[in-house]
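Trainee:
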Amino acid sequence: MIEPVDEFQQKYVSYSTVTTKDLPFHCPPKNAQKWNMHPKVYIQFDKDGKGACPYCGASYELS
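The working numbering numbers the first residue of the sequence shown as 1 and each following residue consecutively.
(1) Compute the distance between the beta-carbons of Tyr15 and His26, then report whether it is under 7 Å.
(2) Taking its Cβ as the centre, do 16 or more other Cβ atoms sit within 10 Å of Tyr55, making it buried, or is it exposed?
(3) Which same chain residues end up closer than 8 Å to Thr17 when comparing Cβ atoms and leaving out the 5 residues on each side of it in sequence?
(4) Taking the C-alpha atoms as reference points, what is the distance between Ala32 and Gly49?
(5) DSSP has Thr17 in a bridge; who is on the other side?
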């Protein structure tokens with residue numbers, strides 16, 4: 001079941017596009033600031049080219 005997006009998520013969760021040259025892609029990205037790190041997790045994209053990080057909720061889309 002998908003949880004509705006709350007006010008915090010609308011304000012603070014990031015959304016980024018990813019190119020195929022960035023694959024395999026992981027979160028946090030290479031350019032993330034050290035204070036904002038969580039364990040590295042590789043993002044799986046669905047058939048529509050969308051994926052999300054299970055730790056921080058950041059959304060990614062293949063372009």
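Note that beta-carbon positions come from the ideal geometry of N, C-alpha and C, so glycine has one too.
This one's a predicted model, so the numbers in the text were calculated from it and none came from an experiment.
Mentor: Concretely, from the data shown:
(1) Their beta carbons are not under 7 Å apart, which means Tyr15 does not touch His26 by this criterion.
(2) exposed
(3) Tyr60, Glu61, Leu62, Ser63
(4) 22 Å
(5) Glu61
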